[in-house]
Every structure is written in C-alpha cells, then in structure tokens.
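Note that the sequence shown covers residues 42 to 121 in this note's numbering.
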Amino acid sequence: MAKWSAVIVVIMMVVTVMVITAEAKQTNGWIQCFRNCSKPCKSHDGNCFERCKIKCGGPNPPHGPGGPPHGPGGPPHHSF
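This is how it looks when you write it as structure tokens:
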C-alpha cells in the first residue's frame with residue numbers, strides 16, 4: 042500500500058512541475074516576442090511598442106467603466 046501512495050505522490054509532483062513549466066513558457070513567450078518585435082522601435086515611439094504588445098498578446102489592463110482607479114484617498118476633491 043505504501044508503494045502505491047509513493048507512486049501517486051510522484052505522479053502528482055510530475056504533473057505539477059509540467060503545469061508550472063508550461064505557464065512559465067507562456068509568460069516568457071510573449072516577452073520574447075515583444076523584445077524581438079520592438080527592437081526596431083524608436084525609444085519615444087509609443088505606438089510601435091503598443092503594436093508589438095498587441096501583436097504578441099501581452100498583458101492588457103482592465104477597460105471597465107469609470108476610468109482608472111483612484112488612490113487610497115478616493116477621488117480628488119476640488120474647491121472652487
């Protein structure tokens with residue numbers, strides 16, 4: 042019985058390592074794509090970098106209603 046338990050634990054560890062490795066490759070894959078794509082971009086050409094980010098499937102910030110989140114103090118208060 043102990044032998045089967047050990048086998049199951051080893052199989053679970055192997056599967057976990059495979060999943061983590063696959064996720065790491067996905068993350069590094071878009072970064073590598075972005076680096077290759079953005080090499081010819083001029084340093085102040087934001088559109089070029091944005092195109093590369095879209096092409097390579099990079100992270101995308103949330104685009105919900107209400108605009109960007111405010112800091113811990115809440116929205117700024119104006120006194121007129």
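All residues carry an ideal CB built from backbone N, CA and C; glycine is no exception. Note that the structure is a prediction, hence the values are computed from the model and not measured.
- Are the Cβ atoms of residue 75 and residue 93 separated by less than 7 Å? yes
- In terms of residue numbering, what span does the alpha helix (DSSP H) encompassing residue 129 cover? Missing from the structure shown is residue 129; the chain here goes from 42 to 121 and no further.
- Message: Helix, strand or coil, according to DSSP, for residue 80 in the structure here?
- Response: coil
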